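Below is one structure, written out as C-alpha cells; the observations come after it.
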Amino acid sequence: MEFQKDNTFFTGRLKSLKFALKGAIKLISTEHSVMVQFSLSIALIIAGFYFNITTTEWMFQTLAIGMVLSIEGLNTAVEKVADFIHPDYSQRIGFIKDIAAGAVFFAAMAAITIGLIIYLPKFL
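Residues 1 to 124, numbered by my numbering, are exactly what the sequence shown covers, in order.
Encoded structure:
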C-alpha cells in the first residue's frame, strides 16, 4: 500500500490531527515516564482549580506541562529511532540518548520551578 498525501486543506488537517492524537495516546499509554508526567499534570490541573490560581499562573502552568510532555515525546522518538537503527549497545547511541534525556531534565527542572513559584506561597 502506497502513501497518498491529502492535498485538500480541511481533510488534510483533520487527518494530521487524527495522527497527532493517535501519537499522543500511544505516548501516554505505552511510556511509563509519560504516564507519571501526565498523571502529575492532571493533579496540577486539579490543584489549579482548588487553589483558584490566576490566569497568568494558568498560562505558566499550561506552558510548563506542555513543554515537559512535548520534550518527553521527542526524547521517546529519539530513543525509538536510535534503538531501531542500532539495537545493540553502542556508546555513540548512548551518548545521543543521554543528550535527549538531558533536554527532558532541563524542561522538568523549569516546570518544577514554575510549580514551586505558583504553589509554595499557597502552602506557606
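C-beta: ideal position from N, C-alpha, C; glycine also. Just so we're clear, the structure is a prediction, and the values are computed from it rather than from any experiment.
With respect to F38, I25 sits apart: the two C-beta atoms are not nearer than 8 Å. Counting along the chain, the unbroken alpha helix (DSSP H) around D98 starts and ends at Q91 to F123. DSSP places F49 in the uninterrupted alpha helix (DSSP H) bounded by H32 to Y50. Of the candidates T11, I46 and G66, I46 places its Cα closest to the Cα of Y119. Under the three-state reduction of DSSP, D83 is assigned to helix.
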